[in-house]
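From first to last, the protein sequence lines stand for chains E and W. Residue 229 in this note's numbering sits at position 229 of the first sequence; the count goes up by one each step and never skips. Remember, this note's numbering sits 329 above the position in the second sequence when you count from 1. All C-beta atoms in this analysis are idealised placements derived from N, C-alpha and C, irrespective of residue type, glycine included.
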Amino acid sequence: MALLEIRNLSVTFRTRGGLFKAVDGVDIVVEPNEVLAIVGESGSGKSVAMLAVMGLLPWTADVTADAMLFDGQDLQTLKPAERRKIIGKDMSMIFQEPMSSLNPCFTVGFQIGEALKTHLGMDKAQRKVRTLELLDQVGITDPERRLAAFPHQLSGGMSQRVMIAMALSCRPKLLIADEPSTALDVTIQAQILDLLVSLKRETGMALVLITHDMGVVAETAERVIVQYAGRQVEQSATIPLFADPHHPYTHGLLAALPERATSSRLPTIPGMVPGQFNRPAGCLFAPRCAHASAICHTTPPPKAGAAMGEALCWTPLVNGMPVGKGAAA
Amino acid sequence: MNAIPKPSAILEARALSRQYIVRRGMFSPYASVRALEGVSFSLEAGKTLAVVGESGSGKSTLGRLVTMIETPSSGALIINGKDVVEADPATRERLRREIQIVFQNPYGSLNPRQTIGMALEEPLLVNTDMSARDREAAARAMMARVGLRPEFYGRYPHMFSGGQRQRIAIARALMLNPKLLVLDEPVSALDVSIRAQVLNLLKDLQEEFGLAYLFISHDLSVVKHISDDIMVIYLGHAVEIGSREAIFTNPQHPYTRALLAATPVADPGHKKERIILSGELPSPFEPPSGCPFHPRCAQAVAQCKVDAPVLEQKSGRSVACWVV
Ligand SMILES: Nc1ncnc2c1ncn2[C@@H]1O[C@H](COP(=O)(O)OP(=O)(O)OP(=O)(O)O)[C@@H](O)[C@H]1O
Ligand SMILES: Nc1ncnc2c1ncn2[C@@H]1O[C@H](COP(=O)(O)OP(=O)(O)OP(=O)(O)O)[C@@H](O)[C@H]1O
Ligand SMILES: [Mg+2]
Ligand SMILES: [Mg+2]
Numbered sequence: 001m002a003l004l005e006i007r008n009l010s011v012t013f014r015t016r017g018g019l020f021k022a023v024d025g026v027d028i029v030v031e032p033n034e035v036l037a038i039v040g041e042s043g044s045g046k047s048v049a050m051l052a053v054m055g056l057l058p059w060t061a062d063v064t065a066d067a068m069l070f071d072g073q074d075l076q077t078l079k080p081a082e083r084r085k086i087i088g089k090d091m092s093m094i095f096q097e098p099m100s101s102l103n104p105c106f107t108v109g110f111q112i113g114e115a116l117k118t119h120l121g122m123d124k125a126q127r128k129v130r131t132l133e134l135l136d137q138v139g140i141t142d143p144e145r146r147l148a149a150f151p152h153q154l155s156g157g158m159s160q161r162v163m164i165a166m167a168l169s170c171r172p173k174l175l176i177a178d179e180p181s182t183a184l185d186v187t188i189q190a191q192i193l194d195l196l197v198s199l200k201r202e203t204g205m206a207l208v209l210i211t212h213d214m215g216v217v218a219e220t221a222e223r224v225i226v227q228y229a230g231r232q233v234e235q236s237a238t239i240p241l242f243a244d245p246h247h248p249y250t251h252g253l254l255a256a257l258p259e260r261a262t263s264s265r266l267p268t269i270p271g272m273v274p275g276q277f278n279r280p281a282g283c284l285f286a287p288r289c290a291h292a293s294a295i296c297h298t299t300p301p302p303k304a305g306a307a308m309g310e311a312l313c314w315t316p317l318v319n320g321m322p323v324g325k326g327a328a329a
Numbered sequence: 330m331n332a333i334p335k336p337s338a339i340l341e342a343r344a345l346s347r348q349y350i351v352r353r354g355m356f357s358p359y360a361s362v363r364a365l366e367g368v369s370f371s372l373e374a375g376k377t378l379a380v381v382g383e384s385g386s387g388k389s390t391l392g393r394l395v396t397m398i399e400t401p402s403s404g405a406l407i408i409n410g411k412d413v414v415e416a417d418p419a420t421r422e423r424l425r426r427e428i429q430i431v432f433q434n435p436y437g438s439l440n441p442r443q444t445i446g447m448a449l450e451e452p453l454l455v456n457t458d459m460s461a462r463d464r465e466a467a468a469r470a471m472m473a474r475v476g477l478r479p480e481f482y483g484r485y486p487h488m489f490s491g492g493q494r495q496r497i498a499i500a501r502a503l504m505l506n507p508k509l510l511v512l513d514e515p516v517s518a519l520d521v522s523i524r525a526q527v528l529n530l531l532k533d534l535q536e537e538f539g540l541a542y543l544f545i546s547h548d549l550s551v552v553k554h555i556s557d558d559i560m561v562i563y564l565g566h567a568v569e570i571g572s573r574e575a576i577f578t579n580p581q582h583p584y585t586r587a588l589l590a591a592t593p594v595a596d597p598g599h600k601k602e603r604i605i606l607s608g609e610l611p612s613p614f615e616p617p618s619g620c621p622f623h624p625r626c627a628q629a630v631a632q633c634k635v636d637a638p639v640l641e642q643k644s645g646r647s648v649a650c651w652v653v
């Protein structure tokens, strides 16, 4: 049984300018002991989708889904109190903005201790031992002293590691890590990723990694979901995705990596992700796509088969070239 | 140090140091953190100096000193040939405008109650006598320049994704046409294709305006792409400074080598040898004796524990290491 099963998830925000669909029919299935990466354009709804799963979106968001199951429980029918018991314990999240997720008024030690008290009912002495252990695990030196530190006294990378320690405190079954290593330098990043992967191996924890770092994806993830403008445009195992991306967006994404660049100007995807007021009628990527044909501009594309990375495209690419409409059907 | 700054050097740092006095607990004594220790470099117009190093090594501290948000505990900072510590308040105000910063955390630096338009126009409102119409025109032009949609003008920061907010922060820093931009992890929150656009944009702006960049980043693939020179810092000390060529093709300092080896490669088939750093990150409260890197260094010899190496010219770059 899948640990997390999300079917046809959509999130619509009520904004002053009208309704805005930030997540549009996304399926996310995570098996126990799996590392899934979610990559994609900024604003493509990666964070919003996961915040919806966590039940942490503001009231202006309408969330719908055909299924939303975690560990056999239906998140949609769960009472708020029951849901709160899961969130932060069995399913926890490292947020994209570590600075604003830490409460500036409380010390690091207090904030980690709170989760241990609420979810595990640990007493003061147990909490201290566990907190020190956690800080040490995430590579914070001098943990005893850092307990008394306030968030503003930490560097960016350190607050991020405190966040990671908090997320791991109750030994979650599923950890959603939203850009867990943006503020970390590479040696610590390597250490944190090793820690997460070893937790996965030892405890069977599953990991959803939202990241823009394709190096991290290549080295850590087993499977990748690619999102664009709220839609899921490709999904496949990591190795084939890097070797032969099928959706033109994925192709453009990999081409824009500095390490693959051959000139001082990087290849970019022309244009911008569609906004609230200029959603194309057909394929959402068509206005920026080098291979778009007439049908792409008028009719939303179907999902290609698994061999084509389930690419949401009329003419998925093979070795960088479109293979014609037949392949998509 | 009495080196004469090069005429084109926009920024010259001489033995910059910064300490923070902190108290570790309610009843514990005060202690000092040496966030930056005697860092020297110069930066010319139109050039990019990348600063890389461990979390907590003092990169942001350096950024705050260079942008005059904080004053150095010791050392000199010379901007456009003027020593900022000795400058009169009016000159300092003017120098301050020429150096802008894009903060590591775009969430904290954008006021949640300001629309994007207001955020971009504020520097103009405070520092120039442009009319409201001209300010709006300048803000809209800058939005287009950095790839923000026109309808974002009246929106508030919370309505944007991480990447969109970072572009707003970059746009805001550029509003006063600075000569030098301190970019503190400017693209680490961005998605790959926007990052490529921003890196191209930064290159264009640099060529167009002769901007100098102090580029703080932990992403070595980006650093390799954008920088002319690289400074590697460790626990507040510069351990290696050299051209991009020198650092990437032939790194000398054992820490620089470990850094390069730990960088993830966007190729799942790639097998690489990792240099695993042994030992723990040293505490900035009690920095190691001798070379700050010696407790984690596989090549350390007896001397490294005792004497702190200073930067020396070796193999076409400056490196502070007894062994190489
Ligand atoms: N509270 C909100 N009200 C209105 N729109 C919102 C709100 N929160 C997010 N959005 C919009 O939803 C879309 C998806 O945002 P999300 O934060 O999920 O992007 P993301 O894929 O995580 O991007 P990034 O990689 O930059 O973090 C964006 O267009 C964003 O502007
Ligand atoms: N206001 C402050 N008070 C006390 N200590 C501080 C303060 N600001 C920074 N420090 C300390 O100074 C050292 C350098 O911090 P700095 O933020 O410059 O690191 P950094 O290299 O930018 O790290 P990161 O990559 O994590 O952002 C750290 O040990 C940090 O804890
Ligand atoms: Mg996000
Ligand atoms: Mg920093």
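Coarse secondary structure for E/L241, derived from DSSP in three states: helix
Same chain only: Cβ atoms within 6 Å of E/A237, ignoring 5 sequence neighbours per side: R223
E/V330 - containing beta strand (DSSP E), residue span: This structure cannot settle anything about residue 330 of chain E, because the visible part of chain E is limited to 1 through 329.
Run of the beta strand (DSSP E) containing W/E569, from where it starts to where it stops: H566 to S572
W/T377 versus W/A541: straight-line alpha-carbon distance, rounded: 6 Å
E/K128: CB within 7 Å of a non-hydrogen atom of ligand 3: no
Residue ranges of each beta strand (DSSP E) within the region 391-453 of chain W, 3 or longer: Correct list: 403-408 and 428-431.
Residue closest to W/A475, alpha-carbon to alpha-carbon, out of E/G271, E/I210 and E/L9: Correcting the residue identity first, residue 475 of chain W is Val in this sequence and not Ala. For the residues E/G271, E/I210 and E/L9, the minimum Cα distance to W/V475 belongs to E/G271.
Coarse secondary structure for E/A177, derived from DSSP in three states: strand
W/E480 - DSSP class collapsed to helix/strand/coil: helix
Proximal residues of chain E, C-beta to C-beta of W/T592 below 8 Å: Simply V186 and G215.
Identity of the residue in W/A590, W/H566 and W/A567 nearest W/F577 by Cα: W/A590
Closer than 8 Å to chain E by CB, W/A470: no
Status (buried if at least 16 other CB within 10 Å, exposed otherwise) for W/E341: buried
Beta carbon proximity, E/S92 to chain W, threshold 8 Å: No, E/S92 does not count as interfacial toward chain W.
Contacts that W/L606 makes with chain E (C-beta to C-beta distance below 8 Å): T187
Outcome for E/A327 when other beta-carbon atoms lying within 10 angstroms are tallied against a minimum of 16: Here E/A327 scores only 43 on pLDDT, less than 50, and its place in the model should not be relied on; the value that follows carries that caveat. By the C-beta density criterion, E/A327 is buried, having at least 16 other C-beta atoms within 10 angstroms.
Cutoff 8 Å: E/Q332 Cβ touching any chain W Cβ: The requested residue 332 of chain E does not occur in the structure, where chain E is confined to residues 1 to 329.
Burial state of E/L19, where buried means 16 or more other Cβ atoms lie within 10 Å: exposed
Contact check, E/I239 vs E/V208, beta carbons under 8 Å: no
Span separating the alpha-carbon of E/P316 from that of E/E234: Roughly 10 Å between the two C-alpha positions.
Meets three-Cβ-pair contact criterion under 8 Å: the region 377-390 of chain W and the region 531-550 of chain W: yes
Own chain, CB closer than 7 Å to E/T268, minus 5 neighbours either side, in chain order: Excluding residues within five positions, the ones whose Cβ falls inside 7 Å are A256.
Identified DSSP bridge partners for E/F13: E/F20 and E/A61
Cβ-based neighbour list, W/N331, same chain, cut-off 8 Å, excluding 5 preceding and 5 following: Model confidence at W/N331 stands at a pLDDT of 45, short of 50, so the residue's coordinates are unreliable and nothing is read from them.
W/M274 CB to nearest heavy atom of ligand 2 below 7 Å: Nothing about residue 274 of chain W can be reported from this structure: the residues present for chain W run from 330 to 653 only.
Beta-bridge pairing of E/M321 - partner residues as DSSP gives them: E/V318
Test item: CB-CB of E/G157 and W/S517 under 8 Å: no
Contacting positions in the region 270-290 of chain E - beta carbon closer than 7 Å to chain A: Any reference to chain A falls outside this structure, whose protein chains are E and W.
Chain E contact residues for W/Q526, given Cβ-Cβ distances below 7 Å: T268
CB of W/I430 within 8 Å of CB of W/T390, strictly: Their beta carbons are not under 8 Å apart, which means W/I430 does not touch W/T390 by this criterion.
Pair within 8 Å by beta-carbon distance, E/I112 and E/S169: yes
Residue burial classification, E/A329 (beta-carbon count within 10 angstroms, cutoff 16): With a pLDDT of 40 at E/A329, under the threshold of 50, the modelled position of this residue cannot be trusted; read the value that follows with caution. Per the 10 Å Cβ criterion, exposed.
E/R84 versus W/F489: straight-line alpha-carbon distance, rounded: So the two alpha carbons sit approximately 27 Å from each other.
Rounded C-alpha distance that separates W/A575 from W/G392: 24 Å
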